[in-house]
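Trainee: The listed protein sequences correspond, in order, to chains W and D.
Quick note: the first sequence, position 159, residue 158 per numbering that gives the first Met the number 0, numbers continuous.
Quick note: the second sequence, position 4, residue 3 per numbering that gives the first Met the number 0, numbers continuous.
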Amino acid sequence: MNEDLDDMAAAEPLAGEELERMLARYARVRLDSSQAQARRARAVVMEEAWRRRIAATPAARRPRHGLFGGWSARRLGVSLAAATLAGLLLGTSAFAASRAGGPLYEARLSLEELTLPAEPAARIDAQLTAAQARLAEAVDASGRHDDVATVAALDAYDRVIDEVMSASGPAAERALVAVQVHHDVLLQVAGSVPAAAANGIERALANSERVIERLSSTVADSGNGNGNGNGNGNGQPGAGGGKPVVTGDPTAKPGKPAEPRATPKPDKTPKPHPTPSPRGKDDGNRQPAPSRAAP
Amino acid sequence: MTIDDEAIERFVGAARQGDPDAFGALFDHFYGPVHRYIAARVGRPSDTEDLTQLVFVKALEALPRYESRGIPFGGWLFRLARNVVIDHVRTRREHATLEVVAERPDGEDGPDDLAQLRQEMDSVARALRRLTPEQREAIELRFFAGLSAKEAAEVMGRQEGTIRGLQFRAIGALRRELGINDPASELPRVSGTTR
Chain W
0 MNEDLDDMAA AEPLAGEELE RMLARYARVR LDSSQAQARR ARAVVMEEAW
50 RRRIAATPAA RRPRHGLFGG WSARRLGVSL AAATLAGLLL GTSAFAASRA
100 GGPLYEARLS LEELTLPAEP AARIDAQLTA AQARLAEAVD ASGRHDDVAT
150 VAALDAYDRV IDEVMSASGP AAERALVAVQ VHHDVLLQVA GSVPAAAANG
200 IERALANSER VIERLSSTVA DSGNGNGNGN GNGNGQPGAG GGKPVVTGDP
250 TAKPGKPAEP RATPKPDKTP KPHPTPSPRG KDDGNRQPAP SRAAP
Chain D
0 MTIDDEAIER FVGAARQGDP DAFGALFDHF YGPVHRYIAA RVGRPSDTED
50 LTQLVFVKAL EALPRYESRG IPFGGWLFRL ARNVVIDHVR TRREHATLEV
100 VAERPDGEDG PDDLAQLRQE MDSVARALRR LTPEQREAIE LRFFAGLSAK
150 EAAEVMGRQE GTIRGLQFRA IGALRRELGI NDPASELPRV SGTTR
């Protein structure tokens, strides 16, 4: 502000030293936010920014067929039971007991776990949603200075992301982005948790860092795996039959004889061949293209 | 956090591509000034906190549609902030005043210093209230939010010269109100200050 004024040309109306000082002090004393406010606002805004980023990834926009299209009968059944129980809980004061740290909290989490889909990618997505919910409970409890609830929610969070660690493929990428957001949020909360929950938050931070590392290497490996797979196949056209191996298996041996047998094309080409070759099937197998062009 | 205009443009470009960290850098740079501007306009701390968050969430939504075209990002962001405040005041029943309840005095001030500080702050608040709404907004944008005259002009939808004129008259009024001597050397003549 003051620097701006100094830089202005002579035409700039200057306030003068005393008025400037008074206005600056007024702004500092009455208009500035507290650090806690700034931290809270940053957590909210960054969560929104990451949520948009995650929503913008193609995998997250995967279409669903029907409202419960991707649900198995078992999952539907358990969900119905969970919904019924939730309804009952809602109808009684026991609902409060299922909040983080409450006596029914673990029961609610177990019930939620039962509703997780069996299909791996969908399961990871559901676990990420659950981890987000546990984190929100921890932040909420921390804001209420409820250390028991904070610790309970953080413990539950740790358990969920332990399972997320097994994600692979596109689900691992989504999980990585999400857990990075969680880590960011945990860092923001770390300064304001009740003292009794300090260990819990440190554990959650360490755990999320471990998961981030693991997922990062999974994501990196899946990228490298494809590259290596292509390389192996291309590198050995004579021995491997000329067809690139796209399995991405880094352990695949280049000279393995099984690979060319798996390609059906060479077997089919000799049949429509109009000119009989004196060398027989072997030539037909190896040079299908020139023989087709010969007539 | 202080970053130059070039860095801001770089962060804006990356944030438009969906980079949350770039948006975080913009948040860190602009949060304080936006908070000050909104606090000056709405007064109530809880409203200020909510509205400041809302400005950045709206910026996140609108950022893909933002095109520089010579308009500084700060001007664009504060225009959003201004609209958020206008909507808020419109929908709130009671009138927004400059009454401020939150104070953050320096930690080492003694009771006498605090009393003196409070007195001074009340005087400034009173002097600000006596300005015209446009003069007050010019002061809020230039002195509290730290915008350039060009950015303030963009926010208020006025000419740059008009902003300087408003600022000139506001400074004169504040000096008179606060009993500050008015040395002629400190107030150079302003060109193009017609409203």
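Don't be surprised by glycine CBs; every beta carbon is placed ideally from N, CA and C.
If the cut is a Cβ gap below 8 Å, which residues of chain W does L116/D touch?
Mentor: R24, V28
Trainee: Name the chain D residues whose beta carbon is nearer than 8 Å to that of L18/W?
Mentor: I170, L173, R174, L177, I179
Trainee: Is Q166/D close to chain W? Criterion is C-beta to C-beta, closer than 8 Å.
Mentor: yes
Trainee: Is Q134/D close to chain B? Criterion is C-beta to C-beta, closer than 8 Å.
Mentor: Given the protein chain composition of this structure (W and D), no chain B is represented.
Trainee: Can you tell me the Cα-Cα spacing of V189/D and G42/D, whole angstroms?
Mentor: A caution first: V189/D carries a pLDDT of 42, below 50, which makes its placement in the model too unreliable to give a value.
Trainee: Report the start-end ranges of each alpha helix (DSSP H) in the region 118-170 of chain W that is 4 residues or longer and not cut off at the edges.
Mentor: Taken in chain order, the complete alpha helix (DSSP H) segments of 4 or more residues contained in the region 118-170 of chain W are 119-142, 146-163.
Trainee: Contact defined as beta carbons within less than 8 Å: I believe E11/W pairs with R163/D. What is the distance between those atoms, to the nearest angstrom?
Mentor: Sure, about 7 Å apart at Cβ, within 8 Å.
Trainee: Closer than 8 Å, CB to CB, is E5/D near chain W or not?
Mentor: no
Trainee: In the region 23-60 of chain D, which residue ranges form an unbroken alpha helix (DSSP H) of at least 4 residues, counting only runs that do not cross its ends?
Mentor: none
Trainee: Do V54/D and V33/D have their CB atoms nearer than 8 Å?
Mentor: yes
Trainee: From R35/D to G168/W, what distance separates their C-alpha atoms?
Mentor: In this model, R35/D and G168/W are separated by some 46 Å (Cα to Cα).
Trainee: What separation, rounded to the nearest whole angstrom, lies between the Cα atoms of A48/W and E159/D?
Mentor: 33 Å
Trainee: Which residue from L108/W, A151/W, Q131/W puts its Cα closest to that of G100/W?
Mentor: Ranking L108/W, A151/W, Q131/W by CA distance to the CA of G100/W puts A151/W first.
Trainee: Q52/D versus chain W: which residues are under 7 Å apart at the beta carbon?
Mentor: A40, V43, V44
Trainee: Would a C-beta distance cut-off of 8 Å place A170/W and I211/W closer than the cut-off?
Mentor: no
Trainee: V83/D CB to nearest chain W CB: under 8 Å?
Mentor: V83/D has a beta carbon lying at 8 Å or more from every beta carbon in chain W.
Trainee: Quick one: which chain D residues come within Cβ less than 7 Å of Q36/W?
Mentor: Listed along the chain, the chain D residues whose CB falls inside 7 Å of the CB of Q36/W are E48.
Trainee: Taking 8 Å as the CB-CB cut-off, is F143/D touching chain W?
Mentor: yes
Trainee: Do you know whose CA, among V43/W, G142/W, T217/W, lies nearest D183/W's CA?
Mentor: V43/W
Trainee: How long is the line joining the alpha carbons of E8/D and F72/D, rounded to whole angstroms?
Mentor: 8 Å
Trainee: Take every Cβ of the region 163-173 of chain D, pair it with every Cβ of the region 113-130 of chain D, and state whether three or more of those distances are shorter than 8 Å.
Mentor: yes
Trainee: Just to confirm, are S141/W and S191/W a CB contact at a threshold of 8 Å?
Mentor: yes
Trainee: In this structure, how does DSSP classify N206/W when only helix, strand and coil are distinguished?
Mentor: DSSP places N206/W in helix when its eight states are reduced to three.
Trainee: In three-state DSSP terms, what is S216/W?
Mentor: helix
Trainee: Identify the contact partners of P19/D in chain W, using a Cβ-Cβ distance below 7 Å as the criterion.
Mentor: M45, A48, W49, R52
Trainee: By Cβ distance below 7 Å, which residues in the same chain neighbour T149/W in space, the five residues on each side in sequence not counted?
Mentor: A137, A140, S141, V192, P193, A196, G199
Trainee: Scan the region 177-211 of chain W for residues whose Cβ lies nearer than 7 Å to a Cβ of chain D and list them as they occur along the chain.
Mentor: none
Trainee: Let me know the secondary structure DSSP gives V192/W once reduced to three states.
Mentor: coil
Trainee: May I ask which residues mark the beginning and end of the alpha helix (DSSP H) holding L165/D?
Mentor: 159-177
Trainee: Quick one: grab the DSSP three-state call for T246/W.
Mentor: Note that T246/W scores a pLDDT of 38, beneath 50, so its modelled location is shaky; the value from the coordinates is reported in the next line. In this structure, T246/W counts as coil in the three-state DSSP scheme.
Trainee: Starting from the beta carbon of M155/D, find every residue of chain W whose beta carbon is closer than 7 Å, and list them in chain order.
Mentor: Scanning chain W for C-beta atoms nearer than 7 Å to the C-beta of M155/D yields nothing, as the closest lies near 16 Å away.
Trainee: If we count Cβ pairs, one from each stretch, closer than 8 Å, do we get three or more for the region 11-30 of chain W versus the region 114-121 of chain D?
Mentor: yes
Trainee: For G100/W, which of helix, strand or coil comes out of DSSP?
Mentor: For G100/W, the three-state secondary structure derived from DSSP is coil.
Trainee: Could you list which residues in chain D have their beta carbon closer than 9 Å to that of G168/W, in chain order?
Mentor: By Cβ distance, chain D contributes nothing, its closest Cβ being about 21 Å from G168/W, past 9 Å.
Trainee: If you draw a straight line from the C-alpha of A132/W to the C-alpha of V11/D, how long is it?
Mentor: 30 Å
Trainee: Is the separation between the beta-carbon of V176/W and that of R50/W shorter than 8 Å?
Mentor: No, the pair does not count as a contact, with Cβ atoms beyond the cut-off.
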